[in-house]
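In the working numbering, the protein residues as written are 76 to 316.
Right, dumping it as C-alpha cells:
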C-alpha cells in the first residue's frame, strides 16, 4: 500500500496553487457609465429626471472604485473533500498582491463619454471557474488612476455637483455632495472559466449615474451617504468572453 501515498500527495499538489498568479491568464476589468433613461448632455453636464420627478443637472461627478475582487464558484463533491485535507488548498491571502483582486483605485468621471470604457488593472488569477465579483467604492489615495487635476478626489469616494429643480418647478437649489465613505456591490455572474483553452475574458462594470440621486433628501446631512449607497446599488456587471 505504500505506493499509494505519493500518488495521493500528487493529487493534492495541483490544488495547492489555487490562490497563485498564473502568467498568461488575463481577466480584463472594464468600467463605464451609462444612463438607464434618456439624458441630455451639454458639454460635460448631464440633465435628467430622478424617480421623484426632480430635474437634475450634474455639472461634475466623480466616483472612486477602490477595489475589485473575483471569487471562485462554490466547490462541491470530491474537490471539497481534497481541499479540506490539504491546508495549502484552502489558503487564499487577500492582499494588494492577490491575483484575484485589483488593489489600484480608479476614479470614474462624467468628463468621459457615456459608454466609453476605462480599462482598469487586469487580473491574472489561477485557472478555475469564477462566479462572483465584489466591487468596493472607497476613498482615492495618491496612487489612484485617473485622478482629476489638483488631486481633487484625494481621500474622497464621491463628489457630485450641480443643481436640482423641484418636480413642480417652484424651487431650484445648487448642491455639492461629498463623501469619503465606503459602499460595495456583490455581483454574481454566469460561471467564467479560465484555462489553457480560454486564457482571456473580460468583466464590464457599468455605473447608472441617472439613478444616483433617487430619493435623496437634499436638506439632510446624510444626502451624500444616500447618493453613495445609490451608486453601489445600481452597478451592473456583464461578462465579455
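The C-beta atom is built at its ideal place from N, Cα and C for all residues, glycine as well.
Spatial neighbours of residue i in its chain, beta-carbon cut-off 8 Å, leaving aside the 5 residues before and after
| i | result |
| --- | --- |
| residue 215 | 139, 141, 180, 182, 222, 228, 229, 230, 231, 232 |
| residue 105 | 192, 193, 194, 195, 277, 278, 279, 280, 315 |
| residue 301 | 290, 291, 292, 295 |
Backbone CA spacing between residue i and residue j [nearest angstrom]
| i | j | result |
| --- | --- | --- |
| residue 219 | residue 185 | 17 Å |
| residue 175 | residue 248 | 44 Å |
| residue 169 | residue 178 | With a pLDDT of only 37 at residue 169, under the threshold of 50, the placement of this residue in the model should not be trusted, and no figure is reported. |
| residue 305 | residue 284 | 9 Å |
| residue 274 | residue 144 | 18 Å |
| residue 310 | residue 287 | 10 Å |
| residue 117 | residue 149 | 47 Å |
| residue 199 | residue 173 | 9 Å |
| residue 201 | residue 307 | 28 Å |
| residue 217 | residue 110 | 29 Å |
| residue 266 | residue 147 | 9 Å |
Beta bridge counterpart(s) of residue i as assigned by DSSP
| i | result |
| --- | --- |
| residue 315 | 277 |
| residue 183 | 138 |
| residue 103 | 277 |
| residue 254 | 233 |
Residue i burial status per 10 Å Cβ neighbour count (16 or more: buried)
| i | result |
| --- | --- |
| residue 204 | exposed |
| residue 296 | exposed |
| residue 99 | exposed |
| residue 121 | buried |
| residue 290 | exposed |
| residue 125 | buried |
| residue 270 | exposed |
| residue 299 | buried |
| residue 257 | exposed |
| residue 208 | buried |
Proximal residues to residue i (C-beta, below 6 Å), its chain only, five neighbours per side dropped
| i | result |
| --- | --- |
| residue 268 | 204 |
| residue 313 | 279 |
| residue 134 | 120, 236, 237 |
| residue 240 | 130, 247 |
Chain-order list of residues whose beta-carbon lies under 7 Å from that of residue i (same chain, five-residue window excluded)
| i | result |
| --- | --- |
| residue 32 | The displayed coordinates of the chain run from 76 to 316. Any statement about residue 32 would go beyond what the structure contains. |
| residue 210 | 140, 143, 259, 260, 262, 280, 310 |
| residue 238 | 132, 247, 248, 249, 250 |
| residue 112 | 123, 285 |
As assigned by DSSP and simplified to three states, the class of residue i
| i | result |
| --- | --- |
| residue 196 | coil |
| residue 224 | helix |
| residue 298 | helix |
| residue 303 | helix |
| residue 127 | coil |
| residue 175 | coil |
| residue 167 | A caution first: residue 167 carries a pLDDT of 38, below 50, which makes its placement in the model too unreliable to give a value. |
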